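A.B. asks:
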Amino acid sequence: MDLGIRIPTGMPITKVANYIKRCEDLGFTSVGVVDHQHSSRDVFITLALAAAQTSSITLYPAVSNPITRHSMVLASIAYSLEEIAPGRIMIPIGAGFHSVRNINHAQSTVAQMRVTIEEIRHLLRGEEVYPGITEGKMTRLHNSPPPIYVCATGFKMTRLAGEVGDGGFLMTGIHPNNIEEAKSLVAEGATLSGRDPSKIPLTFVSAIHMENDMETAWEWSRSLCYNWIRDKHRVKWLMKAGVKLPKVEREEDLTIDHLRELCEVIGLFGTPEYCINKIKFLETNYGITSLFLQPTTTYDMPEETIGFLASSLQNITNSS
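Okay, structure coming up:
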């Protein structure tokens, strides 16, 4: 299995790059670096430095969007990174959340996402995208472009991943019902474009928090669980998983049973043994070949997560 982990920005760039090298040495197959400009560090400069210090790990922003950077800017960045680390770059693009909200913009629509992905693909082939504009296409392209993934939370965006993406970066939860539905939606999108769904790689995104006992881990999920039941896209995935939605006004009102049920959908919350066994279960029983872990510490290095996983990484990533 390909196993990736989210790394924050907001710390000295050299420190983050060194940490990514450590992740490679431990056995992670990919690292996604948070793309939040309000962290005062640029994700792509960070990835470029990390690319120069590593040799095998796949690198990507987690994740970019069509709002804070123009399509041609994203295409140029993608090509530049691929030149530094050929075959080790992918660019997931989503609707935008924190980065977009923090510049007072609305999230990208499905239609905007479609246009952005298609423009980037044409640009990376050296094709003219903006007729009548001087230098309306990219020049001096010599190498193969990196894959452009669609990061999807909602059903429509998941379908779009199959329609136009080189792959899907799926924030659908990891309940079996959701995995099957996500694959079905990707297949629908692929069919619309005359593509083979089996040729579209899928990375499932999972929150993760490990403790020495299950209930403590569930408690850590409280804010995240509350956000899921209030989010118009994520609540649909909870319903797809058969969750009976709790009617609560505050996150403090969620009971431990609510948290347990919600955690089963949202991600990996529990003891290290439980989380590792579930990763293996998802691969063996549901064909997940790529999993991206999002530790609950968004702006801190995921030391505890890496510490818990370190002894099992080689076994997990070499299992397929």
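When you read off a place in the sequence shown, starting at 1, and then add 1220, the result is the number in our numbering. For every residue, glycine included, the Cβ atom is placed at its ideal position computed from N, Cα and C. Values in this document were obtained by computation on a predicted structure and should not be read as measured data.
In angstroms, rounded to a whole number, what distance separates the CA positions of isoleucine 1399 and isoleucine 1476?
C.D. replies: Here residue 1399 corresponds to residue number 179 of the sequence shown, with the count starting at 1. Here residue 1476 corresponds to residue number 256 of the sequence shown, with the count starting at 1. Rounded to the nearest angstrom, the two C-alpha atoms are 25 Å apart.
A.B. asks: State yes or no: is the C-beta of leucine 1422 within less than 7 Å of the C-beta of glycine 1382?
C.D. replies: The residue you call residue 1422 lines up with position 202 of the sequence shown. The residue you call residue 1382 lines up with position 162 of the sequence shown. Result no, Cβ atoms of leucine 1422 and glycine 1382 do not sit closer than 7 Å.
A.B. asks: Which same chain residues, not among the five before or five after aspartate 1520, have their C-beta less than 6 Å away from its C-beta?
C.D. replies: Here the question's residue 1520 lines up with position 300 in the sequence shown. Within the same chain, aspartate 1520 has no close Cβ partners at all.
A.B. asks: Say whether the stretch 1317-1331 touches the stretch 1361-1371, bearing in mind that this needs 3 or more beta-carbon pairs closer than 8 Å, one atom from each stretch.
C.D. replies: No: fewer than three Cβ pairs fall under 8 Å.
A.B. asks: Within a Cβ cutoff of 7 Å, which residues of the same chain sit near threonine 1229, ignoring the five residues on either side of it in sequence?
C.D. replies: What you label residue 1229 is simply residue 9 of the sequence shown in a count that begins at 1. Hits under 7 Å: Val1236, Val1253, Val1254, His1256, Ser1259, Arg1261, Val1263 and Thr1266.
A.B. asks: Could you check whether methionine 1430 and proline 1492 sit closer than 7 Å to each other, using their CB atoms as the reference points?
C.D. replies: Along the sequence shown, read from residue 1 onward, the residue named residue 1492 stands at position 272. Along the sequence shown, read from residue 1 onward, the residue named residue 1430 stands at position 210. In this structure, methionine 1430 lies closer than 7 Å to proline 1492 by Cβ.
A.B. asks: Does the distance from the CB of isoleucine 1277 to the CB of glutamate 1302 come in under 7 Å?
C.D. replies: The residue labelled residue 1277 in the question sits at position 57 within the sequence shown. The residue labelled residue 1302 in the question sits at position 82 within the sequence shown. No, the Cβ-Cβ distance between isoleucine 1277 and glutamate 1302 is not below 7 Å.
A.B. asks: CA-CA distance, glutamine 1514 and valine 1425?
C.D. replies: Within the sequence shown, numbered from 1, the residue matching residue 1514 stands at position 294. Within the sequence shown, numbered from 1, the residue matching residue 1425 stands at position 205. So the alpha carbons of these two residues sit roughly 7 Å apart.
A.B. asks: Taking the C-alpha atoms as reference points, what is the distance between glycine 1283 and glycine 1307?
C.D. replies: On the sequence shown, residue 1283 is found 63 positions in, with the first residue counted as 1. On the sequence shown, residue 1307 is found 87 positions in, with the first residue counted as 1. Reading off the sequence, residue 1283 comes out as valine, not glycine. Taking the straight line joining both Cα atoms gives about 19 Å.
A.B. asks: For a test of the three-state rule: what should DSSP assign to isoleucine 1304, helix, strand or coil?
C.D. replies: One-based indexing of the sequence shown puts residue 1304 at position 84. It is helical.
A.B. asks: Cα separation between valine 1293 and cysteine 1483?
C.D. replies: Stepping through the sequence shown from its first residue, residue 1293 is reached at position 73. Stepping through the sequence shown from its first residue, residue 1483 is reached at position 263. Cα to Cα, valine 1293 sits roughly 38 Å from cysteine 1483.
A.B. asks: Tell me, please, which residues DSSP counts as bridged to glutamine 1514.
C.D. replies: The count along the sequence shown starts at 1 and reaches residue 1514 at position 294. Glutamine 1514 is bridged to Ala1427.
A.B. asks: For glycine 1247, which residues in the same chain have their Cβ closer than 7 Å to its Cβ, ignoring the five residues on either side in sequence?
C.D. replies: Along the sequence shown, read from residue 1 onward, the residue named residue 1247 stands at position 27. For glycine 1247, where only same-chain residues beyond five positions count, the Cβ hits under 7 Å are Leu1533, Gln1534 and Thr1537.
A.B. asks: By the three-class DSSP mapping on this structure, what secondary structure does tyrosine 1446 have?
C.D. replies: Position 226 of the sequence shown, counted from the first residue, corresponds to residue 1446. Residue state, collapsed to three classes: helix.
A.B. asks: So does the stretch 1393-1410 actually touch the stretch 1461-1480, counting three or more Cβ pairs closer than 8 Å?
C.D. replies: As far as the Cβ criterion goes, the stretch 1393-1410 touches the stretch 1461-1480, which means the pair count is three or higher.
A.B. asks: Whole angstroms are fine: how far does the CA of leucine 1479 sit from the CA of arginine 1442?
C.D. replies: Locating residue 1442 in the sequence shown gives position 222, counting from the first residue. Locating residue 1479 in the sequence shown gives position 259, counting from the first residue. Taking the straight line joining both Cα atoms gives about 7 Å.
A.B. asks: Is it right to say alanine 1271 is buried, meaning 16 or more other beta carbons lie within 10 angstroms of its own, or is it exposed?
C.D. replies: For this step, residue 1271 is matched to residue 51 along the sequence shown. It counts as buried.
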